[in-house]
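Numbering (UniProt numbering), first residue to last: 1 to 231.
By construction, the Cβ of each residue, glycine as well, lies at the ideal position given by its N, Cα and C atoms.
Below is one structure, written out as structure tokens, with a few remarks after it.
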Amino acid sequence: MAQAVCGRPTRSASIPRDIREATALSAAATYPSSFGVAMYGPSADESQYELFSEPSGHLYTILDEAVSKVLDIVDLSEGTGSSNDLLTEQLAPLGQRAMKHIGSLTAGLTETGVGVRVTWQGREGTVRRSDWSPSGLQRVHLLCEESEFTEAETTTVTGWLGAASSFRGKVEIRTDDGAIIRASTDEELTGRLDEYFNKRVEAEVEVEKVVFTGGRERRLYSVLSLRKLAG
């Protein structure tokens with residue numbers, strides 16, 4: 001989940017070691033009858049904040065962001081509306097790998113018909129609580145399990161790179177035909193995004209389509225390389 005949120009979603013490649021170390025959870029205690037468990041993240045040093053936080057002074061780690069994304073999905077699945085549009089908007093950018101893990105997580109809970117209550121306390125002391133009902137779990141499970149990903153295709157686009165985050169590996173490119181492409185970036189490119197900000201570029205882009213149950217479609221974009229063009 002953290003790799004998908006703060007980097008380029010992958011299907012099978014290994015997760016970078018710094019991300020794995022920053023998001024490892026340890027079980028510290030169980031509640032009576034083992035119906036609950038307390039889990040803690042790793043001790044964070046300043047280098048983690050340099051790698052994964054925006055330069056705003058807030059001690060908000062990649063683990064906080066990954067957990068928040070999961071809880072966003074939980075809360076949306078508990079909505080009363082019948083439309084899954086907002087839920088698919090959260091799930092699709094995570095990519096096939098993260099959605100598979102979410103599908104596996106919800107499978108066992110759906111089969112037993114139980115819900116989950118989650119409380120997460122961030123390093124700044126903020127607390128977030130979410131309740132995941134059996135119906136909400138089933139809703140997410142079906143979306144993850146019945147989605148289909150196409151084989152990725154590579155294309156070349158030209159336009160202006162108008163937004164970039166080296167902390168989250170995300171860019172926005174306004175193409176020459178006026179479209180806005182929001183994409184993740186390849187790991188080797190992420191640290192050099194400031195070189196291309198507000199410049200006209202040629203981008204090699206990998207495009208993958210996900211089709212959800214009911215026919216909803218989303219395209220996922222990943223920038224593999226960038227080349228500056230004359231303005």
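Item, Value
"Which same chain residues end up closer than 7 Å to MET99 when comparing Cβ atoms and leaving out the 5 residues on each side of it in sequence?", "LEU91, CYS144, SER147"
"Would the region 204–214 count as touching the region 154–163 if we require 3 or more Cβ pairs under 8 Å?", "yes"
"Quick one: measure Cβ to Cβ for VAL140 and ILE73, integer angstroms, because I've assumed they're closer than 8 Å.", "6 Å"
"Return helix, strand or coil for MET39, following the three-state DSSP convention.", "strand"
"Among LEU71, PRO32, GLU78, SER225, which residue has its Cα nearest to the Cα of residue 237?", "Nothing can be reported for residue 237: it is not among the residues displayed for the chain, which extend from 1 to 231."
"Would you mind working out which of ILE15, ARG219, TYR196 sits nearest ARG97, comparing C-alpha positions?", "ILE15"
"Find the nearest neighbour of VAL118 within the set VAL127, THR80, LEU87, judged by alpha-carbon distance.", "VAL127"
"Going by DSSP in three states, LEU137 sits in which element: helix, strand or coil?", "helix"
"What runs of the beta strand (DSSP E), each 3 residues or longer, lie entirely inside the region 60–109?", "none"
"Excluding sequence positions up to five away, which residues of its chain have a Cβ less than 6 Å from the Cβ of ALA38?", "ALA28, ALA29"
"Which residues share a DSSP beta bridge with residue 252?", "Look at the range of the chain in this structure, 1 to 231, and you will see that residue 252 is not part of it."
"Where does the unbroken alpha helix (DSSP H) through ILE19 begin, and where does it stop?", "17–23"
"Identify whether GLU153 lies in helix, strand or coil by the three-state DSSP scheme.", "strand"
"How would you write the range of the alpha helix (DSSP H) that ALA4 sits in, first residue to last?", "2–6"
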